[in-house]
Structure formats: C-alpha cells, structure tokens
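Shown next, in structure tokens, is the structure this report addresses.
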Amino acid sequence: MHNSLELFQTASAMARHAGARQAVVARNIANADTPGFQAQQIAAFKDVYSAGTTTDMRATRPGHFPTQTQPSVMRTAHAAGTPLPPTATPSRSKMNCSTPSR
Amino acid sequence: MTDFSDAMSVATSGMKAQANRLRHVSENIANTDTPGYQRKTVSFQEMVRDGLTTGAVTTGPMRLDPTALTRIYDPANPLADETGHFDGSNVNLLIEIADAREAQRSYEANLKMFDQVRQMSTALMDLLRN
C-alpha cells in the first residue's frame with residue numbers, strides 16, 4: 000500500500016511537471032516572433048524529483064538570465080503571474096548596437 | 000490545472016497577435032496600387048499586466064513604413080506632376096506574401112499547442128470522471 004501511494008505521488012508529480020513544461024513551451028511558441036524574447040525552459044523532471052525542489056528555470060545558454068546568481072527567483076510560478084525579475088536588454092539589440100556601422 | 004489554462008490563454012494570445020498581423024498584411028496587399036499609401040507594420044511584444052509580464056504576446060502600435068514611395072511614370076494619370084510622375088505605394092508584394100506565410104506558420108504552431116493542451120486536460124478530465 001505504501002509503495003503504491005508513492006507511485007501515485009510520482010505519477011502526479013510527473014503530470015504536474017509535464018503541465019508546467021507545456022505552459023512554458025506555449026509561452027515560447029507564442030513569443031516566437033517577439034523581438035528580443037529569450038526562450039525559457041524548466042528543469043528536467045529527473046533532477047527536480049530527486050532533489051525534491053520545485054521546478055526552477057534552467058538556462059540553455061550562459062547569460063540567458065541576468066539574475067543567474069539567484070536561480071531560486073526564477074520559478075515556473077511566474078507563469079501564474081508572479082513578477083519576472085527585470086530582464087536585461089535583449090542580446091540581439093546589443094549585438095546590433097556594437098556592430099560598427101559601415 | 001492553472002498551467003493548462005495559462006498555456007491555453009498564451010496560445011490564444013499568440014493566435015490573436017498573428018491574426019492582427021495578417022490583417023495588416025492584407026490591408027497592405029489590398030492597397031498596393033493606392034497612390035501615396037504607406038505600408039503598415041506591427042511588431043510583437045510581451046503582454047504586461049499590472050507591471051508584470053504574463054508570458055502572453057500582443058501586437059505593438061501600428062507603424063507606417065517610412066521607406067520612400069515608388070515614383071510611377073504615367074503622364075496620362077490625373078495625379079501626375081509636370082514630370083509625368085506620381086507617388087505610388089511602398090508596398091512590396093514579395094515581402095507581404097512572405098510575411099503572411101510566416102504569420103500562417105506561427106498561427107499553426109499556436110493552434111497546435113492549444114490543441115495539445117486541450118487534449119491533455121481532456122484526458123485528465125476523462126480519467127477523473129471514470
């Protein structure tokens with residue numbers, strides 16, 4: 000009985016994780032044509048489940064999140080409307096600014 | 000559950016934004032031959048509500064393309080000046096068609112996402128009902 004209860008918990012955690020991931024992917028797809036938008040991703044289920052923490056945002060590239068030093072700030076909870084940490088100017092426009100004019 | 004409804008509203012916002020873009024493209028195409036018509040463009044931005052980004056997308060303010068209008072030589076036209084030229088529109092059909100196609104593809108992606116979320120929540124509801 001105990002074992003099966005844990006199985007239910009794992010299964011529902013997996014389902015919740017998949018739902019959260021779907022929400023993040025939907026946001027990425029909706030903003031595919033937004034200038035300067037940076038795609039977001041949540042931590043893999045394997046990592047969050049073993050760590051027992053919530054699904055933190057994970058950067059696919061260094062410099063994705065300017066507040067990389069405090070990753071706990073970036074949670075998928077802000078899909079529900081919690082404030083996003085202030086984002087830096089999009090890297091694309093930075094690149095354009097630094098490009099010498101010909 | 001709120002993840003599902005969030006995902007659905009975000010996908011909906013994407014479809015709305017793409018539809019709005021497509022409307023501007025069709026306005027441009029319809030006015031290709033209108034003398035003096037300036038092409039309309041919209042850009043996308045993240046939707047902000049009460050100072051918070053919601054993850055949804057919206058179209059920004061409509062802007063007019065400042066590209067120079069084409070000078071069309073047609074002395075018989077009543078609009079022609081003393082050199083026989085008049086201002087056409089600055090619409091490039093090739094660009095408009097490419098823009099429309101891109102809007103279509105993005106719309107499809109959002110629609111697919113909406114359908115997927117709907118299927119997921121329907122499956123959950125079916126499971127809970129039985």
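From first to last, the protein sequence lines are chains A and B.
Just so we're aligned, residue 0 is where the first sequence starts under numbering that gives the first Met the number 0, counting upward by one.
Just so we're aligned, residue 0 is where the second sequence starts under numbering that gives the first Met the number 0, counting upward by one.
In this text, a Cβ means the ideal position worked out from N, Cα and C, and glycines have one as well.
Fair warning: this is a prediction, and the values are worked out from it, not measured in the lab.
Selected residue, minimal CA-CA separation from residue i, among the options
i: Y36 (chain B); options: B:E26, B:F43, B:E45 and B:S42; result: B:E26
i: V47 (chain A); options: A:S3, A:M13 and A:L6; result: A:M13
i: N30 (chain B); options: B:A6, B:S88, B:N129 and B:D125; result: B:S88
i: M112 (chain B); options: A:R26, A:E5 and A:S3; result: A:R26
i: I94 (chain B); options: B:A6, B:T40 and B:L110; result: B:T40
i: T33 (chain B); options: B:L126, B:E107, B:D125 and B:V90; result: B:V90
i: K15 (chain B); options: B:Y106, B:L126 and B:Y72; result: B:Y106
i: R15 (chain A); options: A:T59, A:P61, A:R60 and A:A42; result: A:A42
i: A22 (chain A); options: B:D125, B:N109, B:R128 and B:N129; result: B:N109
i: A19 (chain A); options: A:A31, A:S3, A:E5 and A:F44; result: A:F44
i: G59 (chain B); options: A:A38, A:Q40 and A:P34; result: A:P34
i: A10 (chain B); options: A:S49, A:F36, A:V24 and A:A38; result: A:V24
i: M7 (chain B); options: B:R48, B:T121, B:N129 and B:L127; result: B:T121
Inter-residue Cα distance where the pair is residue i and residue j
i: A79 (chain A); j: D2 (chain B); result: A caution first: A79 (chain A) carries a pLDDT of 43, below 50, which makes its placement in the model unreliable, though a value can still be read off. One C-alpha to the other measures close to 7 Å.
i: V56 (chain B); j: F43 (chain B); result: 7 Å
i: H84 (chain B); j: R104 (chain B); result: 39 Å
i: M124 (chain B); j: T69 (chain B); result: 58 Å
i: A17 (chain A); j: D49 (chain B); result: 28 Å
i: L6 (chain A); j: R128 (chain B); result: 21 Å
i: T51 (chain B); j: A38 (chain A); result: The displayed chain sequence assigns Leu, not Thr, to residue 51 (chain B). Spanning the two alpha carbons is a distance of roughly 17 Å.
i: L126 (chain B); j: S49 (chain A); result: 27 Å
i: I28 (chain B); j: E81 (chain B); result: 29 Å
i: L4 (chain A); j: S11 (chain A); result: 11 Å
i: D32 (chain A); j: Y72 (chain B); result: 38 Å
CB-CB length for residue i against residue j, believed under 8 Å
i: Q17 (chain B); j: A75 (chain B); result: No, Q17 (chain B) and A75 (chain B) are not in contact; Cβ-Cβ is about 41 Å, not under 8 Å.
i: S4 (chain B); j: A29 (chain A); result: Contact flag wrong, Cβ pair sits at about 14 Å.
i: Q40 (chain A); j: T59 (chain A); result: 6 Å
Contacts around residue i, its chain only, beta-carbon distance under 8 Å, and the 5 residues preceding and following it disregarded
i: M61 (chain B); result: H23, K39, T40 and V41
i: T19 (chain B); result: Rather than Thr, the amino acid found at residue 19 (chain B) in this sequence is Asn. These residues qualify, in order along the chain: V41 and T58.
i: L92 (chain B); result: I28 and T31
i: A97 (chain B); result: none
Own chain, CB closer than 7 Å to residue i, minus 5 neighbours either side, in chain order
i: L21 (chain B); result: A99 and A102
Same chain, Cβ closer than 6 Å to residue i, neighbours up to 5 away in sequence not counted
i: T53 (chain B); result: M46
i: L78 (chain B); result: P34 and F85
i: F36 (chain A); result: N30
Beta carbon proximity, residue i to chain C, threshold 7 Å
i: S12 (chain B); result: Protein chains in the displayed structure are A and B, and chain C is not among them.
Please confirm if the segment 60-77 of chain B is in contact with the segment 113-120 of chain B, defined as three or more CB-CB distances below 8 Å between the two stretches. no
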